[in-house]
Amino acid sequence: MTATQELSGSRAATSTDEYGASRAWIYSSIIWLAVGTSFALIAAIEMVSPDFLGGISYLEFGRIRPIHVNSVTFFWLSMANIGAFYYIVPKLTGRPIWSEQLAKVSMWLWNIVGILMVLTLAAGFSQAREYAEMIWPLDIFVMIVLLLNAFNILMTIYKRREKKLYVSIWYIMGSVVWLPLVYAIGNVIWSPFVGNPDEPNQNLFSGSLTGINDATWNWFYGHNILGLWFTTGGVALVYYLVPVITKTPVYSHLMSMIGFWSISLFYSMVGQHHILATPTPGYLKLIATLGSIGLFIPVLTFLTNIWMTMRGNWGRIYASLPLKFVLVGTVFYFITCIQGPFQAVQSFNRLIHFTNWIVGHAHLALLGTMTTWAMGAIYYIIPVTLKRRIYSPGLAEIQFWMVVSGFLLIMISLQVVGLIQGAEWLRGEPVYKTVQDLKPYFAVRAIGGSMVVVGAYIQAYNIYKTVRSGPRIQTQMEQSLAEVGG
Amino acid sequence: MKMTFGTVLAGAVLVVITVVFMTLGVSTLTFQPLPSDTARPLTDQEERGRQIYMGNGCVYCHTQYVRPQDWNAAGGAKASRVAQAGDYIFQKTMLLGTERTGPDLSQEGGIHPDDWHRAHFTNPRYTSPNSIMPQFSFIQGRELDDLIAYVQSLGGKAADARMAQLKSTQDEVMKAWNTSYEAHLAQIKTMVPDSWKELKSAVPPTQRSLLHGKQIFVTNCIGCHGQYGDSRGPASQFMKPDPANFTRPELQLAASDGQYYQYLLFGLPGTSMPAWGDYLTVQDIWDVINFLRTIPKGGLVVPDEQLTPALMLQFDPTYGKGAPGGYQGPDPSNSDKILDDPLCDVNVFPDVSVLPGGVRPADCQVGSGGK
Ligand code: HEM
Ligand code: HEM
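Protein chains in written order, with the working numbering: chain A, 1 to 486; chain R, 487 to 857.
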């Protein structure tokens, strides 16, 4: 036992609150959700009415969009997931987090990265590689925080008291090492300069390669932050929450194992399915298509495992709000992962590539699935660790319906118009003509989007009020109830 | 299998690293395409423009590669080209894009002259009323020049050839334009094949045809040609020569239907007039030509029920060929009034605009049959 570990261990054990870091990450994530979706709403309105805020450079659509995407992915979902890890890992290892202090420091550093991300992108500094827009100096900053986090979590698990590693822990271990790995490789962080290095104003610090292979690297990255970070992180939450809330052991250990190993194998192969029609090597496309079909294995084992665990427990979703969020998320996860392999097959890809269908799929995955999972985790963790009941279950219920129905409007409108775009292009209609078809659907997206934004603000308000004045949990019975998500 | 700390950690890393080597590693080591026939490095100015393209997120709406099935995605009939790996050989950071909200730009160079881009970046609705592209009016001066230089480089050597052609035609057009209006009319006629020079509209000028033509004109053309057809649309301030002024009876008398058809189908070389063949059907084009001929006598301002073939001013083969001096036709009664109207900053949303916004001064109502 090292001195630091002893110190942090004993301090956390004696303090009244061993989940401060977990909540700190969660609080920040809640703010980032409100921020990120507000930016999204501006972007969505600009796509309906392009002169709305027209001519203001830092609110231009092409600058707002990456701010939206980075805020909701790296700063809402990632922070919420990491916050949940800082709760789940101590629970499952039987010891406090290795260094609570370090976890809080990482949280502040991560928020600084976020603010710098917004400022640089708004000012027009971007790598212009999807999901990797943050410029090179920020990449380095990101890497440092990711490594600090990974180290902290891995040390906690390494020095655990509970010997057996539960499935959520595998996924958390995988996620925290995969993310820095994928981030460093995909951002090509060892090659930061663009253009002619002799001309000073051309060095925009963009990690990337020269030539078409860069697209392969970009989409290896773009795919794997989805597959080896958001998905695996989300799956870890679900594998924790569902058994705990229903007080039922996970249905099958074997299935969990098959799921874990097949996800790490197949997800890392499939980056090329985002650029199936580019002039890149054919064998990469073949691997990607086969890998995408192979992804049915982890998806179906995971879902079967969770839904079988729910056997006899389905009635609980009426009583437990976290469970309701999580299970609705699993349904959307199912739809996402049915769409996915089809999208990765050339014949369907011809129709939907480049269209808004893909944007619909992206929101199905990250808003419909991952966001509802994270919200479920938040509504579970906050009451249990604060020992306060949710300030207003009614508001939380409204939030649930706002987010779910707003999201459905977003997804359905985008996927419908995506099919229209795809069919018209195959028929030879020029893009300028199909642009005219988008407007009504984009208006529906903006309406659905504003419902999600309202949901995000309700969550911020409700959690704030819970922290401030949520009714205290006093009896043992109330505490047990909170621990099953009631 | 026992899932210990070591198994999980080492396994997770090894599986992913192996796949990374199999995919990224092997492909990057073995796939090194040669430059394609059109590839060339960017100049310093173009590279600066590319930075602006990256910083403003153009890549989220515009792709830069054409798939085999996309025969109408980029450059239309003029410049379609299926992407090859060697096209990208000199570029660092791929800007291929994954969404096509706007047209593909891989062959954009030389499709439009710089003037058109200047108007379009200032406000895309000026040249393309249905566009949902953001305004880039905040990009000005040297930055705008750089950006345009980059856009004109897209397509590499093929784009350079188109640019060279465009520049030389532009010189001819401007020489005639600076001489006199008659010289201009004569010059643009030289760009039309003889067999088209006296061709008459294939679509009879029924009232339905005129109304349809008006609708097409209002939704596509007024950004440059003006809401009264008087060449004073908001985009016109960026353009030399001026867009055609359809209120001028001389133009209507001098230009045949076939001549207009040629300009609509292929664009007017050396000017900002784009090719509409990729967007409009044959029927659309003839309808709009029939309609153009009503503009001197108020086709854009009279109520719809008065838009009849009687307003049309037809081509006169004898015009300008020594026939008794000048314009002999009926009095184009509206043209004086029309020409006095101020230059309007019109911004048209042909469909109902769902949310507020847009530059739409109250005194610039589109001529929709003014009450
Ligand atoms: C079985 C699982 C899945 C498969 C096979 C799959 C497949 C695909 C394919 C082929 C595309 C690109 C289509 C194109 O651009 O032509 C795509 C896009 C996308 N997928 Fe999935 N998907 C799956 C699950 C997921 C999950 C779980 C997530 C989220 C964690 C996700 C998030 C996204 C996003 C965000 C995009 C849009 C990427 C962009 O910006 O272009 N997908 N998916
Ligand atoms: C937490 C919730 C959300 C997440 C995780 C999310 C995620 C994403 C992602 C990954 C993309 C990139 C899609 C692609 O490249 O294919 C995207 C784009 C976008 N999102 Fe969201 N989003 C969320 C909420 C919203 C909301 C509420 C709105 C509307 C108000 C919205 C509007 C947009 C718009 C307009 C784009 C750009 C689409 C385009 O370029 O055509 N998003 N979002």
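Think of the CB as a built atom: it goes at the ideal place given N, C-alpha and C, for glycine as much as any other residue.
With a floor of 4 residues, list each alpha helix (DSSP H) that falls wholly inside the region 154-226 of chain A, ordered by position along the chain.
The region 154-226 of chain A contains these whole alpha helix (DSSP H) runs: 167-186, 213-225.
Classify residue 569 of chain R as buried or exposed, calling it buried when 16 or more other Cβ atoms lie within 10 Å of its own Cβ.
With 16 or more Cβ atoms within 10 Å of its Cβ, residue 569 of chain R is classed as buried.
Return the bridge partner residues of residue 388 of chain A from the DSSP annotation.
Looking at the DSSP assignment, residue 388 of chain A forms a beta bridge with A:472.
If you pair each beta-carbon of the region 155-168 of chain A with each one of the region 78-95 of chain A, do three or more pairs fall below 8 Å?
Yes, the region 155-168 of chain A touches the region 78-95 of chain A.
Give a yes or no on whether the minimum CB-CB distance between residue 98 of chain A and chain R is below 8 Å.
Between residue 98 of chain A and chain R, the shortest Cβ-Cβ separation is not below 8 Å.
Just to confirm my understanding: we take residue 717 of chain R, look at its own chain, exclude 5 residues before and 5 after, and list those with CB closer than 7 Å. What are they?
So the list reads 711, 728, 729, 730, 731, once near-sequence residues are dropped.
Contacting positions in the region 166-185 of chain A - beta carbon closer than 7 Å to chain R
Flagged, chain order: 170, 173, 174, 177, 178, 181, 185.
Counting only C-beta atoms, is residue 61 of chain A closer than 8 Å to chain R at any point?
Answer yes: the Cβ-Cβ gap between residue 61 of chain A and chain R drops below 8 Å somewhere.
How would you write the range of the alpha helix (DSSP H) that residue 91 of chain A sits in, first residue to last?
Run containing residue 91 of chain A: 78-93, per the alpha helix (DSSP H) assignment.
Cutoff 8 Å: residue 104 of chain A Cβ touching any chain R Cβ
Chain R contact via Cβ: absent.
Within a Cβ cutoff of 7 Å, which residues of the same chain sit near residue 721 of chain R, ignoring the five residues on either side of it in sequence?
Closer than 7 Å at Cβ, skipping near neighbours: 605, 612, 613, 709, 710.
Identify the residues that DSSP records as bridge partners of residue 437 of chain R: which are they?
Residue coverage of chain R in this structure runs from 487 to 857, which leaves residue 437 of chain R outside it and unanswerable.
At least 3 beta-carbon pairs within less than 8 Å: the region 630-643 of chain R vs the region 507-527 of chain R:
Segments in contact, yes.
Contact list for residue 779 of chain R against chain A, beta-carbon separation under 9 Å:
Going along chain A, no residue has its Cβ under 9 Å from residue 779 of chain R, so there is no contact; the nearest lies around 26 Å.
For the 8 Å Cβ check, are there 3 or more pairs between the region 258-277 of chain A and the region 492-508 of chain R?
Flag = yes, the region 258-277 of chain A and the region 492-508 of chain R touch.
Determine, using beta carbons only, whether residue 70 of chain A and residue 117 of chain A come nearer to each other than 8 Å.
Closer than 8 Å, so yes.
On a Cα-Cα basis, can you pick out the residue from A:224, A:63, A:86, A:138 that is closest to residue 21 of chain A?
Taking only the C-alpha atoms, the option nearest residue 21 of chain A is A:86.
On the criterion of 16 or more Cβ atoms from any shown chain inside 10 Å, does residue 664 of chain R qualify as buried, or is it exposed?
Flag for residue 664 of chain R reads exposed.
Cα separation between residue 351 of chain A and residue 465 of chain A?
Whole-angstrom Cα-Cα distance: 48 Å.
In whole angstroms, what separates the C-alpha of residue 410 of chain A from that of residue 458 of chain A?
Cα to Cα, residue 410 of chain A sits roughly 19 Å from residue 458 of chain A.
Who are the neighbours of residue 776 of chain R on chain A, taking C-beta pairs under 7 Å?
From the beta-carbon of residue 776 of chain R, no residue of chain A is found nearer than 7 Å; the closest lies around 22 Å away.
For the region 275-342 of chain A, list the alpha helix (DSSP H) runs that are entirely contained and at least 4 residues long, ordered along the chain.
Fully enclosed alpha helix (DSSP H) runs of 4 or longer: 282-294, 296-309, 316-319.
When the Cα atoms are used, what is the spatial distance from residue 205 of chain A to residue 98 of chain A?
Between residue 205 of chain A and residue 98 of chain A, the C-alpha separation is close to 35 Å.
Residues in the same chain with beta-carbon distance under 6 Å from residue 849 of chain R, minus the five sequence neighbours each way, listed in chain order, please.
Reliability fails at residue 849 of chain R, whose pLDDT of 35 lies under 50, so the model's placement of it is uncertain and the value that follows must be treated cautiously. When the five nearest sequence neighbours on each side are left out, no beta carbon in the same chain lies closer than 6 Å to the beta carbon of residue 849 of chain R.
Residue 257 of chain A and residue 489 of chain R - do their beta-carbons sit closer together than 8 Å?
Annotated as proximal: residue 489 of chain R and residue 257 of chain A, with beta-carbon spacing under 8 Å.
Checking the sheet assignment: what are the DSSP bridge partners for residue 578 of chain R?
As a beta-bridge residue in DSSP terms, residue 578 of chain R pairs with A:210.
Contact belief for residue 234 of chain A with residue 369 of chain A at Cβ below 8 Å, rounded distance in angstroms:
So it is a contact: roughly 7 Å between Cβ atoms.
Identify, in the order they occur along the chain, each residue of the same chain with its Cβ nearer than 6 Å to the Cβ of residue 824 of chain R, setting aside the five sequence neighbours on each side.
Interpretation of residue 824 of chain R is limited by its pLDDT of 40, a score under 50 that renders its predicted location unreliable; no figure is taken from the coordinates.
In chain order, what residues of the same chain lie with their CB nearer than 7 Å to the CB of residue 123 of chain A, ignoring the 5 residues before and after it?
Only 58 meet the Cβ criterion.
Sort A:406, A:115, A:469 by Cα distance to residue 142 of chain A and report the nearest one.
Closest option to residue 142 of chain A, Cα to Cα, is A:115.
Residues that residue 354 of chain A bridges to, as DSSP identifies them
Looking at the DSSP output, residue 354 of chain A bridges to R:585.
Between the Cα of residue 169 of chain A and those of A:483, A:237, A:467, A:125, spot the shortest distance and give me the residue it belongs to.
Ranking the options by Cα distance to residue 169 of chain A, first place goes to A:237.
May I ask which residues mark the beginning and end of the alpha helix (DSSP H) holding residue 22 of chain A?
For residue 22 of chain A, the uninterrupted alpha helix (DSSP H) segment begins and ends at 20-48.
Please report the residue range of the alpha helix (DSSP H) in which residue 400 of chain A lies.
Run containing residue 400 of chain A: 393-426, per the alpha helix (DSSP H) assignment.
Closer than 7 Å to a non-hydrogen atom of ligand 1 - does that hold for the CB of residue 130 of chain A?
Answer for residue 130 of chain A: yes, Cβ within range of ligand 1.
Which full runs of the alpha helix (DSSP H) of 4+ residues lie inside the region 222-272 of chain A, going along the chain?
Here the runs fully enclosed are 231-246, 253-267.
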